[in-house]
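Okay, so the sequence shown: first residue is 1 according to the UniProt record's numbering, each after it adds one.
Single-structure report; data block below.
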Amino acid sequence: MALREISTKELTLNPFEKIGEGWMLITAGDESRFNTMTASWGALGVIWGAPTATCYIRKSRFTKEFVDASERFTLSFYDDSRHRTLAYLGAVSGRDEDKVAKAGLTPHFVDGTTTFEEAALTLVCRKVGATLLSPETFVDPTIDEKCYGDQDYHDYHTMYLGAIERVLVRA
């Protein structure tokens, strides 16, 4: 299936539904090696005069290695029919198996990074910032216990800020 490019101004999605309820895949790496993970934390907006997206990745996630090593990453969104696939991709590590092949997704390589032909929408992002979230950064002291306190170790997230360079939709 072909992907076509649209302008960020043509986007009509509700980020609360698309990210928080529908979930997204965060993917980084190229033709030689890539990984993806499911996420339900993120935001879309404008910073430094550019359309941007944020995503959050725990330090234990395999995908973090790829985002850290890459200049670009993608955020991709899917139809409701793929929700089970996204649940699988969030539960299994790419360290252990070729989860993309098992999920039946078709990699599509663009601008030195990876998305999938089955995506209804892909944001190609150039990494412009990364911040480790930790108790010292929480203004609300209940966040640490609420979001990280149930673990034997504190697997804090890194917040990645990406300038949206391209928006691709399934044609």
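All C-beta atoms in this analysis are idealised placements derived from N, C-alpha and C, irrespective of residue type, glycine included.
Quantities reported herein were computed from a predicted structural model and do not represent experimental measurements.
Buried/exposed call for residue i, threshold 16 Cβ in 10 Å
i: arginine 84; result: exposed
i: glutamate 132; result: The sequence shown places leucine at residue 132, rather than the glutamate named in the question. With fewer than 16 other Cβ atoms within 10 Å, it is exposed.
i: serine 7; result: exposed
i: proline 51; result: buried
i: tryptophan 48; result: exposed
i: leucine 13; result: exposed
i: arginine 82; result: buried
i: histidine 154; result: exposed
i: lysine 99; result: buried
i: glycine 20; result: exposed
i: serine 134; result: exposed
i: valine 139; result: exposed
i: threonine 142; result: exposed
Identity of the residues DSSP links to residue i by a beta bridge
i: histidine 157; result: Arg58
i: glycine 94; result: BP columns for glycine 94 are empty, so no partner.
i: arginine 33; result: Asp30
i: arginine 39; result: Correcting the residue identity first, residue 39 is alanine in this sequence and not arginine. Bridge partners of alanine 39: Met24.
i: proline 51; result: Val46
i: isoleucine 164; result: Cys125
i: threonine 114; result: Phe109
i: arginine 170; result: Leu3
Which of helix, strand or coil DSSP assigns to residue i
i: proline 141; result: coil
i: serine 76; result: strand
i: alanine 119; result: coil
i: alanine 130; result: strand
i: threonine 12; result: coil
i: alanine 69; result: helix
Bounding residues of the beta strand (DSSP E) (the contiguous stretch that carries residue i)
i: leucine 3; result: 3 to 6
i: phenylalanine 109; result: 107 to 110
Span of the alpha helix (DSSP H) around residue i
i: lysine 99; result: 99 to 103
8 Å Cβ cutoff, residue i in contact with chain C
i: aspartate 150; result: Given the protein chain composition of this structure (a single chain), no chain C is represented.
Pair every Cβ in the region 24 to 34 with every Cβ in the region 43 to 52, then say whether three or more of these pairs are closer than 8 Å.
-> no
Inspect the CB distances between the region 120 to 138 and the region 52 to 71 and report whether three or more fall short of 8 Å.
-> yes
State whether the region 22 to 31 contacts the region 75 to 91, with contact taken as three or more CB pairs (one from each stretch) at a distance under 8 Å.
-> yes
Is the region 61 to 76 in contact with the region 87 to 103, if contact means three or more CB pairs nearer than 8 Å?
-> yes
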